[in-house]
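Visitor: Next up is a structure, given as structure tokens.
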Ligand SMILES: Nc1ncnc2c1ncn2[C@@H]1O[C@H](COP(=O)(O)OP(=O)(O)O)[C@@H](O)[C@H]1O
Ligand SMILES: C[C@@](O)(CCOP(=O)(O)O)CC(=O)O
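Residue numbers (the UniProt record's numbering): 1 to 441.
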């Protein structure tokens, strides 16, 4: 705490450039796991966000260091800027310059494995002992740092990076994507300013987001959003292994999207406020190992697995069609007394939620605690499923207009007495934003 306060006040004194960005977490409504195999998924952003501040310090300060504080991983780590230049950036630049097709704008063409290897060596050599979560977080951070800053000619100055999140880490609400999106966004914004790279799109202004208040945050333009999402995807592959790209997409663009691997994501206009219970099973898992569980099932029962994937796709297609029909009822759903068509559409969504939970359990990615949550929900008139990779982490349940508030409150208490933690949240807030950009002259 003392260290943190000291760091903040010294930053105020010495900061030349301050960039603050934030990105949301996400829930997958339908299509987790099947999306990795090219099927349809629907995801929405959460109001819970990861916040990053990057400050470049005056070069006359004594210590020429890059200091990284990852509050949620209880990690503060500093690196000498000269060593970063020599042992990270110079090595990456020499590889990148022999790749004529690659540029900062085309992260998919970077020499991914070689840059990753250099990054892993750098983190191992110059960091204090790290636990596996800290290690992968730093490797992916430096991968993004080296990939982006190593692609342009910038003289490195002392920098402080502070990051913290409202999300629960390792629980299926996209903490890794939210983390990687804020990092990519901050590095790209930093390069835009320092290297005058591409257009200069830094401007202040007010932004009105659907389902949220007016803020003074600045939006990235679509080209930048795409670039941020692509860089975050590269790094997500380090944390997840074979990632579909849905997490980085929704954490970048926000709102609700329909997503198929390899196609442009499509934003779904939200019919109304979608409220949801987010229930933490309190069982930790990691996405990479749950993807491996699904792959094991595929290996053992290839034809059964493929049929389940087709069924998951059909569930996602029906859910999408239902949400679109709901959106066409816009005026009615804003009304307190639900009309019968709306009720029947919500009920359809609930049935599809049950079906998807059963299909996910069939490929081995549920957990007894998640099953317990789903049966408590059902006993109380709600319908839930796991979200994200499963094996623990969060379950979700849509809260509809016809669910009385007092019943929802009682249900939340019941879940809590069984040891789960519960939040009622809105879906579909903004994607990545620049919350502050300040240059001290
Ligand atoms: N706020 C954060 N600070 C640092 N690292 C983070 C943060 N959020 C996520 N990570 C990294 O991402 C990993 C979690 O990724 P993952 O298993 O995909 O969980 P999730 O489903 O929450 O995205 C963590 O172990 C950590 O390395
Ligand atoms: C299992 C998967 O479909 C979703 C993973 O979500 P999360 O990391 O658990 O938040 C993997 C992916 O789409 O990359």
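Note that beta-carbon positions come from the ideal geometry of N, C-alpha and C, so glycine has one too. It should be emphasised that the depicted structure is a prediction, and the values quoted were computed from it without experimental measurement.
1) What first and last residue would you give for the beta strand (DSSP E) that runs through residue 23?
2) Would you report the Cα separation of residue 306 and residue 365, rounded to the nearest angstrom?
3) Who are the near neighbours of residue 376 in its chain, counting only those whose CB is closer than 8 Å to its CB and skipping five residues on each side?
4) Taking the CB atoms as reference points, tell me whether residue 183 and residue 144 lie closer together than 8 Å.
5) Return yes when the Cβ of residue 177 is within less than 8 Å of the Cβ of residue 247, no when it is not.
6) Between residue 345 and the rest of its own chain, which residues show a CB-CB distance below 7 Å, the 5 nearest in sequence each way excluded?
7) Considering only C-alpha positions, which residue in the set 372, 340, 391, 318 is nearest to residue 355?
8) Does the separation of the CB atoms of residue 187 and residue 149 fall below 8 Å?
9) Following the continuous alpha helix (DSSP H) through residue 300, name the residue where it begins and the one where it ends.
10) Have a look at 26, 155, 236, 260 and flag the residue whose alpha-carbon is nearest the alpha-carbon of residue 36.
11) Would you identify the three-state DSSP class for residue 108, choosing helix, strand or coil?
12) Residue 290: beta carbon under 7 Å from a heavy atom of ligand 2?
13) Indicate, with yes or no, if ligand 2 has a heavy atom lying under 7 Å from the CB of residue 247.
14) If we cut at 8 Å on Cβ distances, does residue 350 have a partner in chain C?
15) Starting from residue 413, trace the beta strand (DSSP E) in both directions and tell me its first and last residue.
16) Quick one: what's residue 48 bridged to in DSSP?
17) Buried or exposed: residue 104, going by 16 or more other Cβ atoms within 10 Å of its Cβ?
18) If you draw a straight line from the alpha carbon of residue 332 to that of residue 402, how long is it in whole angstroms?
19) Answer yes or no: the CB of residue 428 versus the heavy atoms of ligand 1, is any distance below 7 Å?
20) Keeping to the same chain, check which residues put their C-beta closer than 6 Å to that of residue 166; ignore five residues upstream and five downstream.
21) Which residue wins for smallest C-alpha separation from residue 396, given the options 404, 407, 349, 438?
22) Is the Cβ-Cβ distance between residue 19 and residue 437 less than 8 Å?
23) When we look at the beta-carbon of residue 281 and count the other beta-carbons within 10 Å, is it buried (16 or more) or exposed?
24) What distance in whole Å lies between the Cβ atoms of residue 286 and residue 107, which are believed to be in contact at a cut-off of 8 Å?
25) If we count the other Cβ atoms within 10 Å of its Cβ and call it buried at 16 or more, is residue 266 buried or exposed?
26) Roughly how many whole angstroms lie between the Cα atoms of residue 170 and residue 25?
27) Rounded to the nearest angstrom, how far is the Cβ of residue 128 from that of residue 86, given a contact under 8 Å?
28) Give a yes or no on whether the C-beta atoms belonging to residue 95 and residue 120 are separated by under 8 Å.
29) Could you check the C-alpha separation between residue 164 and residue 54 for me, to the nearest Å?
30) Of the residues 21, 23, 29, 15, which one's Cα is nearest the Cα of residue 360?
31) Hey, quick one: how far does the alpha helix (DSSP H) through residue 284 stretch, first residue to last?
32) Can you name, in chain order, every residue of its own chain whose Cβ lies under 6 Å from the Cβ of residue 289, other than the five neighbours on each side?
33) Would residue 308 and residue 238 be called neighbours here (beta carbons separated by less than 8 Å)?
34) With a threshold of 16 other CB atoms inside 10 Å of the CB of residue 335, please say whether the residue is buried or exposed.
35) Between residue 79 and residue 133, is the Cβ-Cβ spacing less than 8 Å?
Guide: In brief:
1) According to the DSSP assignment, residue 23 belongs to the beta strand (DSSP E) that extends over 15-30.
2) A direct Cα-Cα distance of roughly 16 Å separates residue 306 from residue 365.
3) Here the set comprises 411, 414, 415, 418.
4) Closer than 8 Å, so yes.
5) It is a contact, given that the beta carbons lie within the stated cut-off.
6) Counting only Cβ-Cβ distances below 7 Å, and skipping sequence neighbours, we find 322, 325, 326.
7) Closest option to residue 355, Cα to Cα, is 318.
8) The answer is yes: Cβ separation under 8 Å.
9) Per DSSP, the continuous alpha helix (DSSP H) segment holding residue 300 begins and ends at 287-300.
10) Proximity to residue 36 across 26, 155, 236, 260 peaks at 260, based on C-alpha coordinates.
11) Helix at residue 108.
12) Residue 290 Cβ: within cutoff of ligand 2.
13) At a threshold of 7 Å, residue 247 counts as near ligand 2, since its beta carbon sits closer than that to one of the ligand's heavy atoms.
14) In the displayed structure, chain C is absent; only one protein chain is listed.
15) Residue 413: not part of any beta strand (DSSP E); member of the alpha helix (DSSP H) spanning 405-417, first to last residue.
16) For residue 48, no pairing in a beta bridge is given by DSSP.
17) Counting Cβ neighbours within 10 Å, residue 104 comes out buried, since at least 16 surround it.
18) With a pLDDT of only 47 at residue 332, under the threshold of 50, the placement of this residue in the model should not be trusted, and no figure is reported.
19) Residue 428: no, Cβ never under 7 Å from ligand 1.
20) Cβ-Cβ distances below 6 Å link residue 166 to 48, 49 in the same chain, with the five nearest sequence neighbours on each side left out; the list follows chain order.
21) Closest in C-alpha terms to residue 396, from the list 404, 407, 349, 438, comes 349.
22) Cβ distance < 8 Å, so residue 19 and residue 437 count as in contact.
23) Under this definition residue 281 is a buried residue.
24) Going by Cβ atoms, the distance from residue 107 to residue 286 rounds to 24 Å, so no, they are not a contact pair.
25) Residue 266 counts as exposed, since fewer than 16 other beta carbons sit within 10 angstroms of its beta carbon.
26) Taking the straight line from one Cα to the other gives about 12 Å.
27) Going by Cβ atoms, the distance from residue 128 to residue 86 rounds to 20 Å, so no, they are not a contact pair.
28) Result no, Cβ atoms of residue 95 and residue 120 do not sit closer than 8 Å.
29) Taking the straight line joining both Cα atoms gives about 12 Å.
30) Comparing Cα positions, the closest option is 29.
31) That residue, residue 284, is in no alpha helix (DSSP H); it is neither H nor E in DSSP.
32) No residues qualify anywhere along the chain.
33) Cβ distance not < 8 Å, so residue 308 and residue 238 don't count as in contact.
34) Caution applies to residue 335, whose pLDDT of 47 falls short of 50 and renders its modelled position unreliable; the model cannot decide the point.
35) Going by beta carbons, residue 79 and residue 133 fall outside the 8 Å limit.
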